[in-house]
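**Q** Take this structure, written in C-alpha cells, and hold onto it; I'll ask about it next.
Residue numbers (full-length UniProt numbering), protein chains in the order written: chain A, 1 to 236; chain B, 1 to 271.
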C-alpha cells in the first residue's frame with residue numbers, strides 16, 4: 001500500500017498497528033504464563049500475570065485514544081477507516097483475553113498443589129497450547145496482512161471447543177469419583193472455560209482482521225452445538 | 001429470532017445498491033478543448049431523484065462532464081463534445097433541442113455564489129419571467145416564496161425581499177442561487193462545488209438542503225470534499241485523467257472501493 005501524501009498520517013496508523021502487535025504479544029504471553037502458573041502452582045508467576053493485565057488495560061486505553069484522535073484529525077476513508085475501527089475492536093478482544101488470563105492466574109492459589117492429576121494437567125496444557133498458537137497466529141497474520149490465512153485459522157477454533165468438551169467430561173469424572181475434588185475441579189473447569197473463551201476472542205479478531213484487510217466479511221459460521229450442554233443432560 | 005436467510009440478505013443488499021431509474025445517461029462522452037482531450041469516452045448513468053457525487057483530483061474531468069449535462073460547454077468556442085447524453089431518453093445534443101429550455105430543465109449552481117445584481121425577489125422571479133412560467137404578480141409572489149422556502153432561506157430574507165441579493169452573506173447567497181435554480185422547476189440540478197466558498201455552518205445548511213431537494217429533484221454534485229460526497233450522495237463516480245474510474249453506491253465507495261486509484265484518492269495517497 002502506497003504512502004499518504006501527509007506522512008504523519010502513516011506514522012499514526014503505524015503506531016496503532018504497533019500497539020495491536022504489542023497487545024497481541026502480551027495476550028499470548030499472559031495466556032502461556034497463566035496456564036504454566038496453574039499447572040505448576042507457581043503463585044509468583046500468577047502474580048505477574050495479574051499485574052501484566054494493568055499494562056494490557058493501559059495499552060488498550062492508549063490505542064482507543066490514538067484511534068479516536070486519528071478519526072477526528074484525519075477523517076480516514078476506505079481501508080484506513082476499516083483499519084482504525086478494526087483496531088479498536090481487536091484491541092477490545094485482546095484486552096478481554098488479558099482479563100481471562102488474569103482470571104486463570106487468580107485461581108492458581110485456589111486450585112492448590114495436589115489437585116491436578118497428571119492426565120488432566122496434560123489435557124489442559126494441550127488446550128492452552130492450541131489456544132496460544134491461535135493467539136500468536138492471528139496477530140501474525142494481521143501484522144503481515146495475510147487475509148486468506150485467517151479463514152482456516154478461524155475454523156481451527158473447533159479443535160479448542162472439542163478439547164474443552166473432553167476436559168469438561170474428564171473433570172466431571174474426577175468429581176464423581178471423589179467429592180473432595182469438587183472445589184479444585186470446579187476452578188479448573190473455569191480455567192478451561194476461560195481458555196475456550198480466549199479461543200472465541202481469537203475468532204472475533206480473525207473476523208475483524210479479515211474485514212480490515214479485504215473490506216468483506218468472512219462467511220457466517222455454521223451454528224455450533226454445545227456438546228457440554230448435551231453431556232450434562234445425558235449425565236443427569 | 002429475526003433471522004434472515006442468505007438469499008434474503010443477498011436480496012436486501014442488492015436492492016440497497018441498485019442505481020434506480022436513470023434520469024440522464026452519458027454514452028461514450030468525449031470532450032476536446034481545442035487540441036487537448038479532456039474526457040475519454042465516459043459512460044455514466046445519473047439515477048433519478050438521488051444525489052450523485054462526482055469526485056476526483058483537479059483536472060480529472062469531473063466538472064467538464066458536469067458541464068456537458070446542460071450543454072454549458074457550448075459557451076466555450078473551442079470545446080467539442082462527442083458521444084451522446086440523454087435526458088429521459090432524449091439526446092440533449094440533438095440540434096432540435098432548445099438549449100435555453102434544456103437549461104431550465106437541468107439547472108446549475110456554481111462554486112462561487114453569483115446572484116444577479118438585483119433584488120432578492122428579482123433574482124428568483126427572473127427565470128420564471130423569461131420562461132413564461134408566471135405572469136401575474138400573485139404568481140410571481142408565490143414562486144418567489146416557495147422557491148425561497150424550498151431553499152431554506154425564506155425566513156431569513158422575508159422582510160427584505162427587495163434589497164439586493166448581493167448584500168446577503170456567502171451562504172445565504174448560495175442558497176439564493178439554489179432558490180433561483182429551483183424557481184424554474186428543473187428536473188435536474190447540477191452543483192459545481194457549491195460549498196467550497198462557504199463556512200462550515202453555511203455548508204451544513206446547503207447539505208441539509210441537498211438532502212431535502214433529493215425528494216423532488218435529481219442532483220449531480222462535484223465536490224473536492226470527500227466527506228461531503230460521503231455525506232450527501234447515494235452514488236459516487238470517481239474520475240481520473242479524463243476517465244471514469246469507478247461508479248457505485250456511496251457507502252461502498254468510501255468503505256471498500258474496487259479500484260486502486262479510488263482507494264488512493266479517497267484515502268489521501270495520491271501521487
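We put the beta carbon where it would ideally sit given N, CA and C, even for glycine.
Computed from a predicted model, the values in this text were never measured in an experiment.
1) Bridge partners for residue 164 (chain B) per DSSP, in chain order?
2) Which first and last residues belong to the beta strand (DSSP E) in which residue 192 (chain B) is found?
3) If residue 26 (chain A) and residue 57 (chain A) are in contact, beta carbons under 8 Å, what's the gap, nearest whole angstrom?
4) Three-state secondary structure (DSSP) at residue 29 (chain A)?
5) Under 9 Å, CB to CB, which of the residues in the UniProt domain "PhoU" (20–108) of chain A have a partner in chain B?
6) Is there at least one Cβ from chain E nearer than 8 Å to residue 151 (chain A)'s Cβ?
7) Could you have a look at residue 76 (chain B) and say whether DSSP puts it in helix, strand or coil?
8) Using a beta-carbon distance cut-off of less than 7 Å, what residues from the segment 184–215 of chain A approach chain B?
9) Provide the residue span of the beta strand (DSSP E) that contains residue 27 (chain B), from first to last.
10) When Cβ atoms are compared, which residues of the segment 200–220 of chain B fall closer than 7 Å to chain A?
11) Which chain A residues sit within Cβ distance under 7 Å of residue 273 (chain B)?
12) Determine which residues share a DSSP beta bridge with residue 236 (chain B) and list them.
13) Along chain B, which residues have their Cβ under 8 Å away from the Cβ of residue 9 (chain A)?
14) Using Cβ-Cβ distances below 7 Å, what residues of the segment 227–261 of chain B are close to chain A?
15) Is there contact here, the segment 99–114 of chain A with the segment 175–182 of chain A, by at least three beta-carbon pairs under 8 Å?
16) For my contact list, residue 108 (chain B) and residue 70 (chain B) are in at a C-beta cut-off of 8 Å; report their separation, rounded to the angstrom.
17) Chain A beta carbons: is any one of them nearer than 8 Å to that of residue 263 (chain B)?
18) Take residue 259 (chain B) and list the residues in its own chain whose beta-carbon comes closer than 8 Å to its own, dropping the five residues that flank it on each side.
19) Determine whether the beta carbon atoms of residue 68 (chain A) and residue 142 (chain A) lie at a separation below 8 Å.
20) For residue 107 (chain B), write down the residues that DSSP places opposite it in a beta bridge.
21) When the Cα of residue 61 (chain B) is compared with those of B:42, B:232, B:49, B:78, which residue comes out closest?
22) Could you tell me which residues DSSP puts in a beta bridge with residue 215 (chain A)?
23) Alpha carbon to alpha carbon, what distance is there between residue 163 (chain B) and residue 39 (chain B)?
24) Taking the CB atoms as reference points, tell me whether residue 250 (chain B) and residue 236 (chain B) lie closer together than 8 Å.
25) Just grab the DSSP bridge partners of residue 46 (chain B) for me.
26) Taking the alpha-carbon positions, what's the residue 135 (chain B) to residue 105 (chain B) distance?
27) If you draw a straight line from the alpha carbon of residue 136 (chain A) to that of residue 128 (chain A), how long is it in whole angstroms?
28) Just to confirm my understanding: we take residue 90 (chain B), look at its own chain, exclude 5 residues before and 5 after, and list those with CB closer than 8 Å. What are they?
29) Alpha carbon to alpha carbon, how far is residue 224 (chain B) from residue 234 (chain B)? Give it in angstroms, no decimals.
30) Between the alpha carbons of residue 51 (chain B) and residue 24 (chain B), how many angstroms are there, rounded?
31) Assign residue 270 (chain B) to one of three DSSP states: helix, strand, or coil.
32) Can the beta-carbon of residue 120 (chain A) be found closer than 8 Å to that of residue 197 (chain A)?
33) Any contact of the segment 109–117 of chain B with the segment 189–205 of chain B, i.e. 3+ C-beta pairs under 8 Å?
34) Just to confirm, are residue 276 (chain B) and residue 81 (chain B) a CB contact at a threshold of 8 Å?
35) Does the pairing of the segment 175–191 of chain B with the segment 137–154 of chain B give three or more beta-carbon distances under 8 Å?
36) When you compare each of A:80, A:102, A:123, A:97 to residue 212 (chain A) by their alpha carbons, which one comes out closest?
**A** Per the coordinate set shown:
1) B:119, per the DSSP bridge assignment.
2) Judged by DSSP secondary structure, residue 192 (chain B) falls within the beta strand (DSSP E) whose first and last residues are 188–192.
3) That pair is no contact at about 11 Å.
4) In the structure shown, the three-state DSSP call for residue 29 (chain A) is helix.
5) Within the UniProt domain "PhoU" (20–108) of chain A, the qualifying residues are 74, 75, 76, 77, 78, 79, 80, 81, 82.
6) Absent from the structure: chain E. Protein chains present are A and B.
7) In this structure, residue 76 (chain B) counts as coil in the three-state DSSP scheme.
8) Going along the segment 184–215 of chain A in chain order, one finds 215 with a Cβ nearer than 7 Å to chain B.
9) In the DSSP assignment, residue 27 (chain B) falls within the beta strand (DSSP E) that extends over 22–33.
10) Listed in sequence order: no entries.
11) In the structure displayed, chain B extends from 1 to 271; residue 273 (chain B) sits before or after that span and is not available.
12) Partner(s): B:53, B:248.
13) Contact annotation for residue 9 (chain A) against chain B: 268 [CB-CB distance below 8 Å, chain order].
14) Within the segment 227–261 of chain B, the residues whose Cβ lies closer than 7 Å to some Cβ of chain A are 227, 254, 255, 256, 257, listed in chain order.
15) Too few Cβ pairs lie closer than 8 Å, so no.
16) With a Cβ gap of about 6 Å, residue 108 (chain B) and residue 70 (chain B) count as contacting.
17) At least one CB atom of chain A sits nearer than 8 Å to the CB of residue 263 (chain B).
18) So the qualifying residues of the chain are 238, 245, 246.
19) At least 8 Å separates the beta-carbon of residue 68 (chain A) from that of residue 142 (chain A).
20) B:189, per the DSSP bridge assignment.
21) Shortest Cα-Cα distance from residue 61 (chain B) to any of B:42, B:232, B:49, B:78 involves B:42.
22) Partner(s): none; residue 215 (chain A) has no beta bridge.
23) If you take the alpha carbons of residue 39 (chain B) and residue 163 (chain B), they lie about 42 Å apart.
24) Cβ atoms of residue 250 (chain B) and residue 236 (chain B): closer than 8 Å.
25) As computed with DSSP, residue 46 (chain B) is found in a beta bridge with B:24.
26) Rounded to whole angstroms, the separation of the alpha carbons of residue 105 (chain B) and residue 135 (chain B) is 20 Å.
27) Spanning the two alpha carbons is a distance of roughly 12 Å.
28) The answer, listed in chain order, is 97.
29) One C-alpha to the other measures close to 16 Å.
30) Those two C-alpha atoms are separated by around 12 Å.
31) In the three-state DSSP reduction, residue 270 (chain B) falls in the coil class, being neither helix nor strand.
32) Cβ atoms of residue 120 (chain A) and residue 197 (chain A): not closer than 8 Å.
33) Yes, the segment 109–117 of chain B touches the segment 189–205 of chain B.
34) In this structure chain B extends from 1 to 271, so residue 276 (chain B) is not present and cannot be described.
35) Counting Cβ pairs under 8 Å, three or more are found: they touch.
36) Answer by Cα proximity: A:80.
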